[in-house]
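Let me begin by presenting the structure, written as structure tokens, before commenting on it.
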Amino acid sequence: MAGNANQKLKLLYLLQILREETDEENPIKTADILRRLSDMGVNAERKSIYRDIACLQDAGFDIISSSGGGYFMGSRDFEMSEIKLLIDAVQASRFITYQKSVTLINKLKNLVSVNQSAGLDRQLHMAGRKKATNEQIYYVIDTVYDAIAEDKQISFRYLDYTLAGEKHYRSGGNTYTVSPYALVWDDEYYYLFAYYENRDIMAHFRVDKIDGAKIIDKRRLKSEKYKNFDPIKQSETLFSMFGGEEEWVTLIIDNSLMGVFVDRFGSDLAIVKVGDEKTTVRFKAAISPTFLSWLFQFGTRVKILTPEKLIKKMQEMLADVINLYGETS
Numbered sequence: 003m004a005g006n007a008n009q010k011l012k013l014l015y016l017l018q019i020l021r022e023e024t025d026e027e028n029p030i031k032t033a034d035i036l037r038r039l040s041d042m043g044v045n046a047e048r049k050s051i052y053r054d055i056a057c058l059q060d061a062g063f064d065i066i067s068s069s070g071g072g073y074f075m076g077s078r079d080f081e082m083s084e085i086k087l088l089i090d091a092v093q094a095s096r097f098i099t100y101q102k103s104v105t106l107i108n109k110l111k112n113l114v115s116v117n118q119s120a121g122l123d124r125q126l127h128m129a130g131r132k133k134a135t136n137e138q139i140y141y142v143i144d145t146v147y148d149a150i151a152e153d154k155q156i157s158f159r160y161l162d163y164t165l166a167g168e169k170h171y172r173s174g175g176n177t178y179t180v181s182p183y184a185l186v187w188d189d190e191y192y193y194l195f196a197y198y199e200n201r202d203i204m205a206h207f208r209v210d211k212i213d214g215a216k217i218i219d220k221r222r223l224k225s226e227k228y229k230n231f232d233p234i235k236q237s238e239t240l241f242s243m244f245g246g247e248e249e250w251v252t253l254i255i256d257n258s259l260m261g262v263f264v265d266r267f268g269s270d271l272a273i274v275k276v277g278d279e280k281t282t283v284r285f286k287a288a289i290s291p292t293f294l295s296w297l298f299q300f301g302t303r304v305k306i307l308t309p310e311k312l313i314k315k316m317q318e319m320l321a322d323v324i325n326l327y328g329e330t331s
């Protein structure tokens with residue numbers, strides 16, 4: 003009976019062999035197919051292989067006869083270039099833990115042949131990359147999406163890590179109860195935008211710092227204040243999610259920096275050329291230490307024109323830096 007059962011699986015085994023072991027540079031000959039099927043407990047004749055391959059082709063599988071003899075799987079759901087791109091994204095994503103990265107990459111490698119997969123091993127570069135340590139992240143993401151679909155609130159604890167790598171919960175370990183609006187991937191991390199009723203604000207939380215997320219049986223609260231909330235726009239103005247009061251900012255910058263500001267602000271950037279070397283730019287940004295630090299990296303190539311309070315904040319930051327290092331000789 004076992005042999006008969008294996009015979010019924012012959013077509014599936016044949017498809018498995020073609021998917022896992024063949025590609026354009028590594029076709030498999032009919033004799034080798036017969037040998038591989040025999041290893042799987044299936045006896046077959048050469049003519050039956052021709053019929054089975056024709057059947058798979060009729061079903062829509064791109065099985066190609068090689069000019070040098072043999073067969074290989076042609077097009078797949080993902081091309082090699084696409085798999086490499088996805089693997090690079092997994093490796094670079096800080097919100098995915100090291101172990102989850104390995105698991106995901108192995109699944110991606112299963113989408114190509116064994117020979118192609120071996121080539122992917124040689125381009126893996128995860129050593130030394132900073133990765134999240136919260137293994138719950140997949141569960142948290144699923145919970146948030148389910149809560150939004152079900153129009154429910156979620157609760158969780160929010161944590162930081164000490165220098166010793168130990169968990170330290172904010173708010174004394176008390177739970178946060180929020181109404182999730184959206185998930186945004188920004189600066190290699192996932193962030194949750196959620197309405198936080200206790201403070202009447204649209205708060206943001208880094209997903210890899212969320213612990214014990216669960217859906218609660220309460221309808222999401224939808225504040226009138228945030229009826230036109232745009233998570234993408236908000237993430238762009240928060241500069242890596244560090245908040246602050248949003249203001250119109252006017253700068254005068256060297257023309258050499260124009261590409262940097264266009265990349266950052268896109269079509270929201272108002273530009274007025276003031277000479278061969280300088281340009282004024284105007285845009286909305288969240289006034290925060292992070293924004294000031296971002297401007298500081300450009301040194302004398304950027305000068306703040308307005309608002310006045312941003313100029314004062316920059317002056318205070320520069321004074322603090324000078325005080326820290328002392329006067330120069």
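For the sequence shown, the positions run 3 to 331 when the working numbering is used. Just so it is clear, CB atoms sit at the ideal spot from N, CA and C, and this is done for glycine as well. Quantities reported herein were computed from a predicted structural model and do not represent experimental measurements.
{"Asked": "Identify whether residue 61 lies in helix, strand or coil by the three-state DSSP scheme.", "Found": "coil"}
{"Asked": "Rounding to the nearest angstrom, what Cα-Cα distance links residue 30 and residue 106 in this structure?", "Found": "28 Å"}
{"Asked": "Of all the options 37, 302, 21, which has the alpha carbon lying nearest to the alpha carbon of residue 58?", "Found": "21"}
{"Asked": "Hey, residue 264 and residue 271 are a contact pair by Cβ (cut 8 Å); roughly how many whole angstroms apart?", "Found": "6 Å"}
{"Asked": "Reducing DSSP to helix, strand and coil, say where residue 13 ends up.", "Found": "helix"}
{"Asked": "Leaving out five residues before and five after residue 14 in sequence, what residues of the same chain have Cβ atoms less than 6 Å from its Cβ?", "Found": "none"}
{"Asked": "Going by DSSP, what residues sit across from residue 160 in a beta bridge?", "Found": "212"}
{"Asked": "Just curious, the beta strand (DSSP E) that residue 195 is in, first and last residue?", "Found": "191 to 198"}
{"Asked": "Going by DSSP, what residues sit across from residue 222 in a beta bridge?", "Found": "Partner(s): none; residue 222 has no beta bridge."}
{"Asked": "Measuring only the C-alpha atoms, how far is residue 191 from residue 25?", "Found": "36 Å"}
{"Asked": "Give a yes or no on contact between the segment 97 to 106 and the segment 134 to 145, applying the rule of three or more CB pairs nearer than 8 Å.", "Found": "yes"}
{"Asked": "Could you give the distance in angstroms between the alpha-carbon of residue 157 and the alpha-carbon of residue 187?", "Found": "21 Å"}
{"Asked": "Taking residue 182 as part of the beta strand (DSSP E), name the residues at either end of that continuous run.", "Found": "178 to 188"}
{"Asked": "For residue 48, which residues of its own chain have a beta-carbon under 6 Å away from its beta-carbon, when the five flanking residues on both sides are left out?", "Found": "32"}
{"Asked": "Using 10 angstroms around the beta-carbon of residue 155, count the other beta-carbons present and answer buried if the total reaches 16, otherwise exposed.", "Found": "buried"}
{"Asked": "Following the continuous beta strand (DSSP E) through residue 253, name the residue where it begins and the one where it ends.", "Found": "247 to 256"}
{"Asked": "Under the rule that 16 or more other beta-carbon atoms within 10 Å means buried, what is residue 40, buried or exposed?", "Found": "exposed"}
{"Asked": "DSSP on residue 28, reduced to helix/strand/coil?", "Found": "strand"}
{"Asked": "Going by other Cβ atoms of all chains shown within 10 Å of its Cβ, with 16 needed for buried, is residue 73 buried or exposed?", "Found": "buried"}
{"Asked": "According to DSSP, which residues form a beta bridge with residue 93?", "Found": "Per DSSP, none; premise fails for residue 93."}
{"Asked": "According to DSSP, simplified to helix, strand and coil, what is residue 316?", "Found": "helix"}
{"Asked": "Provide the residue span of the alpha helix (DSSP H) that contains residue 100, from first to last.", "Found": "100 to 111"}
{"Asked": "For residue 52, count the other beta carbons within 10 Å of its own beta carbon; 16 or more makes it buried, fewer makes it exposed. Which is it?", "Found": "exposed"}
{"Asked": "Helix, strand or coil for residue 3 per DSSP?", "Found": "Model confidence at residue 3 stands at a pLDDT of 42, short of 50, so the residue's coordinates are unreliable; what they give is reported in the following sentence. Coil, per DSSP."}
{"Asked": "Report the CB separation of residue 223 from residue 181 in whole angstroms; it is logged as a contact under 8 Å.", "Found": "4 Å"}
{"Asked": "Which residues mark the beginning and the end of the alpha helix (DSSP H) in which residue 343 is found?", "Found": "Residue 343 is absent from the model: the chain starts at 3 and stops at 331."}
{"Asked": "Quick check on DSSP: helix, strand or coil for residue 67?", "Found": "strand"}
{"Asked": "Pick helix, strand or coil for residue 155, following the three-state DSSP scheme.", "Found": "strand"}
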